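First up is the structure itself, then whatever we jot down about it.
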Amino acid sequence: MRDGPPCTLYCFAHAGAGVSGFRHWRTGTGPGVTTVPVLLPGRGGRRREPRATSRDELLAALLGPLADQVADGHPYALYGHSLGGVVAHTLAR
Numbered sequence: 001m002r003d004g005p006p007c008t009l010y011c012f013a014h015a016g017a018g019v020s021g022f023r024h025w026r027t028g029t030g031p032g033v034t035t036v037p038v039l040l041p042g043r044g045g046r047r048r049e050p051r052a053t054s055r056d057e058l059l060a061a062l063l064g065p066l067a068d069q070v071a072d073g074h075p076y077a078l079y080g081h082s083l084g085g086v087v088a089h090t091l092a093r
């Protein structure tokens, strides 16, 4: 176990998926990790929002809220599966 605040793990699903695939990660990652599944616009609870149809639209929808969450200086990591990996990589850049 590590000292200090837990690492927040932001999880991005593959194309066509919602956040339900990460529901068991909250208990499976242990006390040093806080899992935060990221819901894309147009899916699940954000279904009333228009889906992003370009990389720039997706970045605009995700970057601001994510930047606000990581501004506290606590450790974090981005994880993505398939297309979610592309999203995570693009956000990290």
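Its first residue numbered 1, the sequence shown is counted upward by one per residue in full-length UniProt numbering.
By construction, the Cβ of each residue, glycine as well, lies at the ideal position given by its N, Cα and C atoms.
The structure presented is a predicted model; accordingly, all values stated were derived computationally and were not measured.
Kindly indicate which three-state DSSP category G84 falls into: helix, strand or coil?
In the three-state DSSP reduction, G84 falls in the helix class (H, G or I).
On the DSSP bridge list, what partners appear for P50?
The partner list for P50 (beta bridge, DSSP) is empty, contrary to what the question assumes.
What whole-angstrom Cβ distance do F22 and V87 have, given they're in contact under 8 Å?
Contact doesn't hold; Cβ gap of about 14 Å is too wide.
Thinking C-alpha only, which one of P6, G42, L66, H89 is nearest G18?
For the residues P6, G42, L66, H89, the minimum Cα distance to G18 belongs to G42.
Beta carbon of T53, beta carbon of V36: below 9 Å?
Taking 9 Å as the Cβ cut-off, T53 and V36 do not qualify as a contacting pair.
What distance in whole Å lies between the Cβ atoms of V38 and Y10, which are believed to be in contact at a cut-off of 8 Å?
Between V38 and Y10 the Cβ distance is about 5 Å, and since that is below 8 Å, they are a contact.
Please state the DSSP three-state secondary structure of V38.
Note: V38 maps to coil in three-state DSSP.
Classification of G80 by the beta-carbon crowding that lies within 10 angstroms, buried from 16 upward:
By the Cβ-count criterion, G80 is buried, with 16 or more other Cβ atoms from all chains shown falling within 10 Å of its own Cβ.
How is T90 classed by DSSP in three states: helix, strand or coil?
T90: helix per DSSP, three-state reduction.
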